[in-house]
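Going by this note's numbering, the sequence shown wraps up at 237, each residue one higher than the last. The beta carbon of each residue, even a glycine, is placed where N, CA and C say it ideally should be. Right, one structure below, let's go through it.
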Amino acid sequence: MSTPGQDEKRFDPRDTTLKFVNRPDDLDPMPPEEGDQGLCAEMSCGHAVTPQSLTGWCRSLLDQGQYKFKCPALEKDTLHQCGALWSYQEVRRLAVLTAAEMQHFEENMARLAAAEYCDFKTCPRL
Numbered sequence: 112m113s114t115p116g117q118d119e120k121r122f123d124p125r126d127t128t129l130k131f132v133n134r135p136d137d138l139d140p141m142p143p144e145e146g147d148q149g150l151c152a153e154m155s156c157g158h159a160v161t162p163q164s165l166t167g168w169c170r171s172l173l174d175q176g177q178y179k180f181k182c183p184a185l186e187k188d189t190l191h192q193c194g195a196l197w198s199y200q201e202v203r204r205l206a207v208l209t210a211a212e213m214q215h216f217e218e219n220m221a222r223l224a225a226a227e228y229c230d231f232k233t234c235p236r237l
């Protein structure tokens, strides 16, 4: 499921702080036809992502009440998930999050973390 503006997300190929790789997106179970693949960057765990797939995966985790972002890609030649924990800073950068997406992510991450670590109750009048 795409959000407005998500389809246009692209890495800046001149960004020397990212490691670009010439291989399919490891988060996309249905990779596009040869030649249609967008530019992929390598996450800290070594798996390749596009901004769209990374945004979609992390948004789905938040929607399920999870605020820790773990790599779902399968390890090469196995059925085991990578499971590497990605920092929000890495996700924010490689997902090319918009200002609205950053606000959505940060508000939900804060709410979910507070619910886990703090003893608080929500106001019944909300």
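Worksheet entry | Nearest-angstrom Cβ-Cβ length linking residue 161 and residue 151, presumed shorter than 8 Å | Indeed they touch by this definition, with Cβ atoms about 6 Å apart.
Worksheet item: By how many angstroms is the C-alpha of residue 125 removed from the C-alpha of residue 165?
Response: Linking residue 165 to residue 125 through their CA atoms gives a straight-line distance of about 20 Å.
Worksheet item: What do you reckon, are the CB atoms on residue 159 and residue 137 nearer than 8 Å?
Response: Between residue 159 and residue 137, the C-beta gap is smaller than 8 Å, which places the two residues in contact.
Worksheet item: Apart from the five residues on each side of it in sequence, which residues of its chain come closer than 7 Å, Cβ to Cβ, to residue 123?
Response: Excluding residues within five positions, none has a Cβ falling inside 7 Å.
Worksheet item: Comparing alpha-carbon positions, which option in 195, 149, 163 lies nearest residue 203?
Response: Per the Cα distances, 163.
Discussion item. Under DSSP, the alpha helix (DSSP H) around residue 212 begins and ends at which residues?
Written reply: Residues 210-228.
Worksheet item: When the Cα of residue 229 is compared with those of 235, 221, 236, which residue comes out closest?
Response: Here the closest residue by C-alpha is 221.
Worksheet item: Expressed to the nearest angstrom, what Euclidean distance is found between the alpha-carbon atoms of residue 157 and residue 177?
Response: Near 22 Å, if we compare the C-alpha coordinates of residue 177 and residue 157.
Practice prompt. Would you grab the beta carbon distance between residue 206 and residue 193 for me? Rounded to a whole angstrom, and I think it's under 8 Å.
Written response: That pair is no contact at about 17 Å.
Item to complete: Please list the segments of the alpha helix (DSSP H) lying wholly inside the region 152-190, counting only runs of 4 or more residues, in order along the chain.
Response: Correct list: 162-174.
Item to complete: Pull up the CB-CB distance for residue 154 and residue 182, whole angstroms please, since I reckon it's below 8 Å.
Response: Contact annotation, residue 154 with residue 182: C-beta distance approximately 7 Å; criterion of less than 8 Å satisfied.
Discussion item. For residue 131, which residues in the same chain have their Cβ closer than 8 Å to its Cβ, ignoring the five residues on either side in sequence?
Written reply: For residue 131, where only same-chain residues beyond five positions count, the Cβ hits under 8 Å are 122, 124, 150, 151, 152, 153.
Worksheet entry | Between the CA atoms of residue 179 and residue 196 - distance to the nearest angstrom | When rounded, the distance between both Cα atoms is 7 Å.
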